[in-house]
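Enquirer:
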Amino acid sequence: MTAPKIVLLPLAALLLVLFLVMPSPARGAAGEWSTNPQSRVRLISPWQVAPRNGELMLGLHFLLSPGWHVYWKNSGDAGFPPSATFQPAEVLGAPEILWPTPRRFQLPGDLVAFGYEDEVVYPVRAEIKPGIALPATPAQTSDAASSDPAPPAGILHDVLHDVLHITADLDYLVCQVDCIPFRYTLTLDQPLGDAPEGDPATATLVQTWVDRLPRIAREIPGVRTGAVLDASRQGGPDLEIRVLGVQAQAGKTDLFLEPHETFDAGRPRMRAVADGLVFHVPVRAREAGKPLPEKTSIAWTISNLTAKDGKPFNLEARREVPVWTQGGAAPDPMREPAAGGAADRFPRQLLRAFLGGALMNLAPTVLALLIAAVFSLRLPGTGSRAGLRGTGLRENAAAAVTGVVGGCWAIAGLALLGRRAGVAADWPSLLQEPAVGALLAIAAALLALNLWGLLELPLPSVGATRAGTGRHLLAGLSTVPLALAWPVPLLQEPIGAAFAHGPAAVCAVFAMVGFGLALPYLLLTLVPGLAGRLPVPGAWLPRLREGLGFLAGGSTLWLLYALSRRVSPEGLAWIELALLGMSLLAWLRSREGARPAARFVFVLGLAACAAGALWLADHDRLTPRRLAPRPATVQQPMTSNTIQGG
Amino acid sequence: MRSKGKLFSSLAVLALAALPALADGVVGAAAPAFTLKGLDGKSHSLADFKGKVVVLEWINPNCPVSNRHAREKTMTELVKQHGEVVWLGINSTSPGSGDFMKPAEHLAYNQKYGITYPVLYDESGQVGHAYGARTTPHMFIVAPDGKLAYNGAIDDDPPGRKAMNARLNYVGHGLDAEKGGKSPDPASTKPYGCSVKYQ
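Protein chains in written order, with our numbering: chain A, 9 to 654; chain B, 30 to 228.
#1: Going by beta-carbon coordinates alone, are L72/A and S42/A separated by less than 7 Å?
#2: Under a three-way DSSP split, which group does Q242/A fall into?
#3: Measuring only the C-alpha atoms, how far is P213/B from G57/B?
#4: At what residues does the beta strand (DSSP E) containing T314/A begin and finish?
#5: Just to confirm the assignment, what range does the alpha helix (DSSP H) spanning Q255/A have?
#6: Does any residue of chain B have a CB that is nearer than 7 Å to the CB of E441/A?
#7: Looking at C-alpha atoms only, which residue of G143/B, K131/B, V82/B is the closest neighbour of L236/B?
#8: Just checking, does the segment 314–328 of chain A make contact with the segment 225–240 of chain A on the three C-beta pairs under 8 Å criterion?
#9: Taking its Cβ as the centre, do 16 or more other Cβ atoms sit within 10 Å of K226/B, making it buried, or is it exposed?
#10: Any residues in the segment 164–184 of chain B with a beta carbon nearer than 8 Å to a beta carbon of chain A? Which ones, in chain order?
#11: In chain A, which residues lie less than 7 Å from G118/B when you measure between Cβ atoms?
#12: Here's the rule I'm using: 16 or more other beta-carbon atoms within 10 Å means buried, otherwise exposed. How should I163/A be labelled?
#13: Measure from the C-beta of V374/A to each C-beta in chain B and report whether the shortest distance is under 7 Å.
#14: Could you spell out where the beta strand (DSSP E) holding V218/A opens and where it closes?
#15: Touching or not, the segment 290–309 of chain A and the segment 255–271 of chain A, by the rule of three or more beta carbon pairs under 8 Å?
#16: For the alpha helix (DSSP H) containing F129/B, name the first residue and the last one.
#17: For P138/A versus E248/A, is the C-beta distance shorter than 7 Å?
#18: Which residues in chain A sit within 9 Å of D205/B, going by Cβ to Cβ distance?
#19: Buried or exposed: which applies to S72/B, given that a residue is buried once 16 or more other Cβ atoms fall within 10 Å of its Cβ?
#20: Between P215/B and the rest of its own chain, which residues show a CB-CB distance below 7 Å, the 5 nearest in sequence each way excluded?
#21: Exposed or buried, which one is Q242/A when buried takes at least 16 other CB atoms within 10 Å?
#22: Using the beta-carbon count (16 or more within 10 Å), is S197/A buried or exposed?
#23: Going along chain A in order, which residues have a C-beta closer than 8 Å to the C-beta of Y142/B?
#24: Under three-state DSSP, which class holds K33/B?
#25: Are three or more beta carbon pairs between the segment 74–89 of chain A and the segment 207–224 of chain A nearer than 8 Å?
#26: On the premise that W566/A lies in contact with L624/A, defined as a C-beta separation below 8 Å, what is that separation, rounded to the nearest angstrom?
#27: Mind listing which residues of the segment 114–137 of chain A have their C-beta closer than 8 Å to chain B's C-betas, in chain order?
#28: Is N61/A near I136/A, with beta carbons less than 7 Å apart?
#29: Which residues, taken in chain order from the segment 232–246 of chain A, show a beta carbon closer than 8 Å to some beta carbon of chain B?
#30: Within 8 Å, do at least three Cβ pairs link the segment 486–495 of chain A to the segment 450–459 of chain A?
#31: Three or more C-beta pairs closer than 8 Å, one from the segment 544–556 of chain A and one from the segment 368–380 of chain A: is that the case here?
#32: Hey, does K102/B have any beta-carbon neighbour from chain A nearer than 7 Å?
#33: Since V185/A meets chain B, which of its residues come closer than 9 Å, beta carbon to beta carbon?
#34: Have a look at D185/B, N194/B, R100/B, I119/B and flag the residue whose alpha-carbon is nearest the alpha-carbon of K66/B.
#35: When you check each C-beta in the segment 571–601 of chain A against every C-beta of chain B, which residues fall closer than 7 Å?
#36: How would you write the range of the beta strand (DSSP E) that G118/B sits in, first residue to last?
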């Protein structure tokens, strides 16, 4: 018996040592490094525990030996950019590699390359689809049943074992003067949970490189850029790119063009002008004798600019650039239509804004409020024919128009203030914010309660004894937040162009959106007789209002469904309970015989429920914050018993 | 007369090389004339192949991307499929570069990978610059009328991840088009690979 013991003891010790020195499977915020003499690369995540669904910003983290570089999306004269396919595609979709602003490398033979040296993180934007069962991870399969190494994929795991096994099949070329291609399969086991927990180190790293992504030119207040390609010049075609509202950083500012299917580009020359910079790039058509297009899509990135407020930034723009072949002076690059509102195109943008605003009347909540409010315009004198001809109807409708336009201007003012504070979020992005989604759901729910007669709001209603235009003004104002939940694609271009143009254009465009949204009231203001064609209100009107209440209620459900992708299931349940609480309190308050003091308490409770719903939406968010200038990809643990992957 | 012609063509190459890089390799323009010495010790001129389709492949055995295509027989299989074309490899690597390969070594490399077509030395890089060759491999098709018909990559798969039959071989498509009396489409693409190791 002693002999086997002698053999077994060293064996056990060896196994223990092996166990201790064996690399543990990559888990959480960073995968294992794949290493070669020229570079190291790994897959990283800003999350120890990532949200179960929504955006997941991963990173391809490269460390490069001195003198070696990897490439930007346009590699320059040689090389090629890294490419990767990510799995599981059924959960992650097709993640997109994002490209931080590069630098220029000079190679022998007057060749150039665009890329990164020393260190780079390519941010990778993935979206975890909701409601997808996670495939089993290798660790789980070996734990579960060693005799059956291949359990069926797609089985649902216990919540404590939700780990997303991410792989990236990566190809890249690393060059000094020589180049070496590498291919690796990078892995990362990403725990998912309802209590997202950031990893301070990797989150900072990913954020550092997200910050080095060029900013979209149209989203930068006070900055404009445009280009023209002058193909009529005797010395060869010249691409002129102008960027205004910026200054160059001495010796650092550079221009990078994305590959173009028709033209090759040479080395840019830069000069400073009164309000910005002008670049001239010699270009050449790749094929001789081929007719040039009238316009061509050109994308450029400009590095190391300084804004008027002194802040450094990188800029990115893509424009339909006119190709000038007629001789004489080429048109002004800033007149390019897509550059953000050339003067001759502005009336068209205003018309689009008006039409977009008018379309928003078809949004369910807006429609419900509109139908209910239009019949109440006849006040004073419910249903009386006198009301139609009297000044009351015209005044009430004008008050509603004023309310709508005022509401639009208030939104424009908030957006301008936000941009001045450095928070440049567009409308669809704002709607991704859980608190904004919850606010819109609350607004729709309040309207439903009002239409069902459970909650008296300072809105016009049939049978109201109080006259006055104030309620119609408020009805107009209320229309705006209700309309915000339904972004109309038609409006995105005029609004984008307006912000590129300046505050006056923003005011003009938002006024037109307002007039469009207030179109029914506007018509009644101009032609009060139209109201005479509406059915005379009768006993059916309260029933219509109650029916419209279901339209508003349906909108609430839709908004809650949209919210389900951005807050945890438990958070959503609490928000729904808060809305139910609001309804209960509204019903209690509406009972006959309720004392004034009790009614006041019920209103306070209702407001508390609404505030609670907003707080819950923000607290139980699954998606990274988009509104802050530096998105808080790191969230502190919300509970002490953090969920760990299995 | 012959030496005068040679001098003239050399001057033409020099003049072209002196122009900015953007003046080179335009599809539809006349392919720059050249006379270069091959591994076989013989001189090869583009003018010798007038009336034929000529493929020019910028090659560097020490470039892993060029080498991958040798291992995968991308070029040699195309040469077999298109016996009607003249295929020339051109190595513009400067003798001062670590990638430079002496003729004996280059011949051994060619034998190893079944490269039977002539490989020409362009040590000064003048011909490379005249064509605007930037990468290894960088491919050109010269049509029978002496004009450039294609300038760009060998295929659409820079990392070489796809199966051979799943890749879009631009040169193969271009040669098929030339065979049918048509022009290659696309006629130009972005080449990929190592940079040409010029002086």
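Virtual Cβ for every residue (Gly too), placed ideally from N, Cα, C.
If you're wondering where the values come from, they're calculated on a predicted model, not measured in any experiment.
Expert: Taking the geometry as given:
#1: For the purposes of this step, residue 72/A is identified with residue 64 of the first sequence, where counting begins at 1. For the purposes of this step, residue 42/A is identified with residue 34 of the first sequence, where counting begins at 1. Cβ distance not < 7 Å, so L72/A and S42/A don't count as in contact.
#2: Counting from one through the first sequence, the residue named residue 242/A turns up at place 234. In this structure, Q242/A counts as coil in the three-state DSSP scheme.
#3: Position 184 of the second sequence, counted from the first residue, corresponds to residue 213/B. Position 28 of the second sequence, counted from the first residue, corresponds to residue 57/B. Cα to Cα, P213/B sits roughly 11 Å from G57/B.
#4: For the purposes of this step, residue 314/A is identified with residue 306 of the first sequence, where counting begins at 1. Where T314/A is concerned, the enclosing beta strand (DSSP E) stretches over 303–315.
#5: On the first sequence, position 247 is the one that residue 255/A refers to. Run containing Q255/A: none in the alpha helix (DSSP H); it sits in the beta strand (DSSP E), 254–256.
#6: Along the first sequence, read from residue 1 onward, the residue named residue 441/A stands at position 433. Cβ-Cβ to chain B under 7 Å: no for E441/A.
#7: The requested residue 236/B is not part of the displayed model; chain B covers only 30 to 228.
#8: yes
#9: The residue you call residue 226/B lines up with position 197 of the second sequence. Looking at its Cβ environment, which holds 16 or more other Cβ atoms inside 10 Å, K226/B is buried.
#10: T164, N180
#11: As a first step, residue 118/B is located in the second sequence; it is residue number 89 there, counting from the start. Those within 7 Å of G118/B in chain A number zero; the least Cβ separation is about 18 Å.
#12: Numbered from its first residue, the first sequence carries residue 163/A at position 155. Residue confidence for I163/A is low, a pLDDT of 38 falling below 50, so the modelled location carries little weight; the figure read from the coordinates is stated next. I163/A comes out exposed.
#13: Sequence index remark: in the first sequence, residue 374/A carries index 366 (1-based). Answer no: the Cβ-Cβ gap between V374/A and chain B never drops below 7 Å.
#14: Here the question's residue 218/A lines up with position 210 in the first sequence. No beta strand (DSSP E) holds V218/A; the alpha helix (DSSP H) holding it covers 208–218.
#15: yes
#16: Here residue 129/B refers to the residue found at position 100 of the second sequence. Counting along the chain, F129/B falls outside any alpha helix (DSSP H), and DSSP gives it neither H nor E.
#17: In the first sequence, the residue the question calls residue 138/A occupies position 130. In the first sequence, the residue the question calls residue 248/A occupies position 240. No, they are not a contact pair.
#18: For the purposes of this step, residue 205/B is taken as the residue at position 176 of the second sequence. What D205/B touches in chain A: nothing, since even the nearest Cβ is about 19 Å away.
#19: Here the question's residue 72/B lines up with position 43 in the second sequence. It is exposed - the Cβ of S72/B has fewer than 16 other Cβ atoms within 10 Å.
#20: Here residue 215/B is taken as the residue at index 186 of the second sequence, counted from 1. Within the same chain, P215/B has close Cβ partners Y199.
#21: The sequence position of residue 242/A within the first sequence is 234, counting from 1. By the 10 Å Cβ count, Q242/A comes out exposed.
#22: Walking along the first sequence from the start, residue 197/A turns up at place 189. Checking the sequence shown, residue 197/A turns out to be Asp, not Ser. Buried, by the Cβ-count rule.
#23: Position 113 of the second sequence, counted from the first residue, corresponds to residue 142/B. Correct list: empty, because the minimum Cβ distance to chain A is about 18 Å.
#24: In the second sequence, the residue the question calls residue 33/B occupies position 4. Any answer about K33/B is weak, because its pLDDT of 45 lies below 50 and its placement is not dependable; what the coordinates show is given next. K33/B falls in the helix class under three-state DSSP.
#25: no
#26: Start at 1 with the first residue of the first sequence, and residue 624/A comes out as number 616. Start at 1 with the first residue of the first sequence, and residue 566/A comes out as number 558. Not quite, the Cβ-Cβ distance comes to about 19 Å (not below 8 Å), so this is no contact.
#27: L115, P116, G117, D118, L119, A121
#28: The residue given as residue 61/A occupies position 53 in the first sequence. The residue given as residue 136/A occupies position 128 in the first sequence. Yes, these two residues count as a Cβ contact at 7 Å.
#29: G244
#30: yes
#31: yes
#32: One-based indexing of the second sequence puts residue 102/B at position 73. Not one chain A Cβ lies under 7 Å of K102/B.
#33: If you number the first sequence from 1, residue 185/A lands on position 177. Residues of chain B passing the Cβ test: S126, G127, D128, C223, S224, K226.
#34: What you label residue 66/B is simply residue 37 of the second sequence in a count that begins at 1. Answer by Cα proximity: I119/B.
#35: none
#36: Counted from its first residue, the second sequence places residue 118/B at position 89. Here the beta strand (DSSP E) through G118/B covers 115–120.
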